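In the working numbering, the protein residues as written are -15 to 81.
To keep things clear, I will list the structure first and then write my remarks on it.
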């Protein structure tokens, strides 16, 4: 989805900004860069349950129904921008949700 937005294949309709905690933003960037939830789970040293909860919290906050929809919503809310480097830190479960 991120590449489709970057290449102008998918229009982005800006909506209100949604503040994301660092570790939710990290997962969003991971998804935008093409990483799967299991890969993120492994790299962030999360359990499967923690990774699923993180994904659910992120999707709920962005009002998204899937990882790809979350990436589109990330562009719509300004959490992702075209040309921005997708730095993934693998925060994992550190810090408050």
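Idealized CB from N, CA, C, for every residue including glycine.
Computed from a prediction, not measured in an experiment: that's the story for all the values here.
Burial state of residue i (16 or more Cβ within 10 Å)
{"i": "residue 44", "result": "exposed"}
{"i": "residue -15", "result": "buried"}
{"i": "residue 72", "result": "buried"}
{"i": "residue 66", "result": "exposed"}
{"i": "residue 0", "result": "exposed"}
Reference residue i, options the options, closest by Cα
{"i": "residue -7", "options": "37, 38, 56 and 21", "result": "56"}
{"i": "residue 11", "options": "-5, 29 and -4", "result": "29"}
Backbone CA spacing between residue i and residue j [nearest angstrom]
{"i": "residue 63", "j": "residue 9", "result": "8 Å"}
{"i": "residue 2", "j": "residue 17", "result": "20 Å"}
{"i": "residue 51", "j": "residue 68", "result": "19 Å"}
{"i": "residue 48", "j": "residue 42", "result": "8 Å"}
Within 8 Å, strictly: CB atoms of residue i and residue j
{"i": "residue -2", "j": "residue 60", "result": "yes"}
{"i": "residue 38", "j": "residue 15", "result": "no"}
{"i": "residue 35", "j": "residue 25", "result": "yes"}
{"i": "residue 58", "j": "residue 46", "result": "yes"}
Neighbourhood of residue i by C-beta, 7 Å cutoff - its chain only, sequence neighbours within 5 removed
{"i": "residue 79", "result": "Legend: pLDDT at residue 79 = 47, less than 50; position of this residue unreliable, value from coordinates given subsequently. Same-chain partners within the cutoff: 5, 6 and 7."}
Cut-off 8 Å between Cβ atoms - residues of its own chain near residue i, not counting five sequence neighbours on either side
{"i": "residue 31", "result": "25"}
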